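Structure first, commentary second.
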């Protein structure tokens, strides 16, 4: 079996022989280490992310002080990059909820070691996403007008508008994700409280754990509440990206008015989200030496889900093209021709197919799915591809819609890009702080898994069969 | 913590919270919890590093009814969300747009659903915390020796002083029979 950089790799959900104590040490020691013992790679990554966060703040100051004219948005393309990036970010968040809620309900034990940081990824992606529509309003300081509240104008928001649906969907998604994440963290905070080495840690974790005492009576209610939150998050996550798809689908713009949008957007969201999970998990397991807890099995399964959702997305592209032709509507037919062969943006469509359609095909092979480097590269390509998808949907459709007189080109500006790169900085600053201050793996859930594993053995029957088939020693 | 010498049959130490037995693994704790329940103790609790399957039944706990509450609150949240939109568009500020119906309910579905989920989820989370008495920085069980390892890999079983059957000597003898690694008297 393959061995990488001194750490034994495994194909099981958890490496054999892990105990409650060893899980604690592996996950919590990096968190509890003093500031001077922070790994160098953390400081480097954090500094780079901070630089981009500064760029973000500068971009926001320029945007607010000057106005949305600093962007490339114009009259046919009113949405432009802010909404492309908004949809891109919110999509990334969805894999976190899928892992933490949906896989919990389906009793997939492999979710356990990746759910915590995937949930964190969700929250940070929602933060990055949520700021875009607010900034895009032009007057971000009155964004709260979207919410129903008693006001001197005597008005309610327009509840029939998908933009208001967005507010409700994202606000609910963000707050329920934070609640789910925090409740999941409580037992781990209690563990950190008991292991705390400094006064700062004692106060921080002692406060955040709310006085959790690991009582069986508390665990029973806790597990029930956690299950209920998962059951509620399942339809919630599907509704959020469906709502975002409805922003498009209820419009009359050629190519948008399409019933395939909600399911196709949800699949695209999970696809992009798993790519980001891999982008984060592969360096994380290596940086903190967590290969025994985040194993090749996890990478393999995440890659399988990426492949499956990628194929659904590819099907979405085919249906879009078919509907454009089959509708017989002049504008729809022209739109799909323009998307695929049009002189201005044909490259975006074909690059999109290359990234989201062709680049994922190697994932059919187990060897690729279990190669961290290959997966990392494919995940990066998919992230670019999913950005291009939103570019193709928003820009290509809007530049050439109905009347020739209203056609216009879209050219993004330096402030479009600085805001985008800056939002990546915001995301990674939050993520670096998270992996330094909070456990990236849910230790209490991992202990349960290890206990189960010791009692009932590995659940990896396929691996045993494979080893017998290849004449390897079983359990090696 | 001072050793208290108790007259036979009387639980006299007012400062005593519980007798707490410590175990090394979940299986011994399960067996001990079942024996404790069968011996008739009711004011008991176990403390474990992770949720142990079946321990709630071994302690004689009833299944949680949180799900019903969440269902009710979620339904109310959804009805409330729909009512808000219906009221705004039909009563408070009716606005005729292209002759479309004022109560255009398909447009209200998204916000209705999101309100239902929002209320239901916060009911589940906050009510769980409230029923568990959290946040609560201090709890007598934290006085147990070695209790900091409950969050690592140790298991504890407590029989509380307020239990009707509690008797310092007899209960201690009973716990000793369950082969714990140690039994401690824990003060409030």
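Protein chains in written order, with the numbering used here: chain A, 1 to 476; chain B, 477 to 664. Just so it is clear, CB atoms sit at the ideal spot from N, CA and C, and this is done for glycine as well. Owing to the predicted nature of the structure, the values given are computational and were not obtained by experimental measurement.
Under the Cβ criterion of 8 Å, residue 559 (chain B) is not counted among the residues facing chain A. Within the segment 491–520 of chain B, the residues whose Cβ lies closer than 7 Å to some Cβ of chain A are 502, listed in chain order. In this structure residue 294 (chain A) is not in contact with residue 161 (chain A), their Cβ atoms being roughly 42 Å apart against a cut-off of 8 Å.
Residue 121 (chain A) and residue 277 (chain A) have their C-alpha atoms spaced approximately 8 Å apart.
For residue 520 (chain B), the uninterrupted beta strand (DSSP E) segment begins and ends at 520–523. For residue 642 (chain B), there is no enclosing beta strand (DSSP E), as DSSP marks it with neither H nor E. For residue 658 (chain B), the enclosing beta strand (DSSP E) begins and ends at 658–663.
In the three-state reduction of the DSSP assignment, residue 493 (chain B) falls in the strand class, which pools E and B. Here the segment 292–310 of chain A makes no contact with the segment 331–347 of chain A; the two share fewer than three CB pairs at distances below 8 Å. One finds 221, 224, 225, 228 in chain A with Cβ atoms closer than 9 Å to the Cβ of residue 542 (chain B), taken in chain order.
Neighbourhood of residue 21 (chain A) in chain B, by CB distance below 8 Å: 628, 629, in chain order. Pairing residue 348 (chain A) with residue 411 (chain A) gives a Cβ-Cβ distance that is not under 8 Å. DSSP places residue 632 (chain B) in the uninterrupted beta strand (DSSP E) bounded by 631–636. Exclusion of the five residues before and after residue 387 (chain A) leaves 88 as the residues of its chain whose Cβ lies within less than 6 Å of its Cβ. Sorting B:567, B:564, B:649, B:633 by C-alpha distance to the C-alpha of residue 496 (chain B) places B:633 at the top. For residue 145 (chain A), the closest alpha carbon among the candidates A:163, A:19, A:239, A:93 is that of A:163. Within the segment 61–106 of chain A, the runs of alpha helix (DSSP H) that reach at least 4 residues and sit entirely inside it are, in chain order, 80–97. With contacts defined as CB atoms closer than 8 Å, residue 177 (chain A) and residue 126 (chain A) qualify as a contacting pair. C-alpha of residue 450 (chain A) to C-alpha of residue 442 (chain A): approximately 12 Å in a straight line. When B:596, B:504, B:509, B:568 are compared, the shortest CA-CA separation from residue 544 (chain B) is found for B:596. Inter-segment contact for the segment 75–84 of chain A and the segment 407–425 of chain A is present: three or more beta-carbon pairs are separated by less than 8 Å. Between residue 170 (chain A) and residue 138 (chain A), the C-beta spacing is not below 8 Å. Residue state for residue 406 (chain A) is assigned as helix, using DSSP reduced to three classes.
Any Cβ of chain B closer than 8 Å to the Cβ of residue 191 (chain A) would place that residue at the interface, and such an atom is present. Among the residues facing chain A, residue 524 (chain B) is included, as its CB has a counterpart in that chain under 8 Å away. Of all residues in the segment 81–102 of chain A, none is placed with a Cβ closer than 9 Å to any Cβ belonging to chain B. In this chain, the alpha helix (DSSP H) harbouring residue 323 (chain A) covers 296–326.
Nearest in C-alpha terms to residue 363 (chain A), of all of A:238, A:381, A:220, is A:381. Residues of chain A with a Cβ closer than 7 Å to the Cβ of residue 579 (chain B) do not exist, since the nearest Cβ in that chain sits about 11 Å away. Using a Cβ distance threshold of 8 Å, residue 423 (chain A) and residue 128 (chain A) count as a contacting pair. Beta-bridge annotation (DSSP): residue 498 (chain B) is paired with B:632, B:658. For the segment 588–608 of chain B, the set of residues with a beta-carbon nearer than 8 Å to any beta-carbon of chain A comprises 589, 590, 591, 593, 594, 596, 597, 598, 600, 601, 603, 604, 605, 607, 608, in chain order. Close partners of residue 402 (chain A) in chain B (Cβ separation under 8 Å) are lacking, with about 19 Å as the shortest Cβ gap. Interface criterion not met: the Cβ of residue 566 (chain B) is under 8 Å from no Cβ in chain A. For residue 662 (chain B), there are no C-beta contacts with chain A under 9 Å, since the nearest C-beta of that chain is about 12 Å from it. Secondary structure at residue 215 (chain A): strand, using DSSP grouped into helix, strand and coil.
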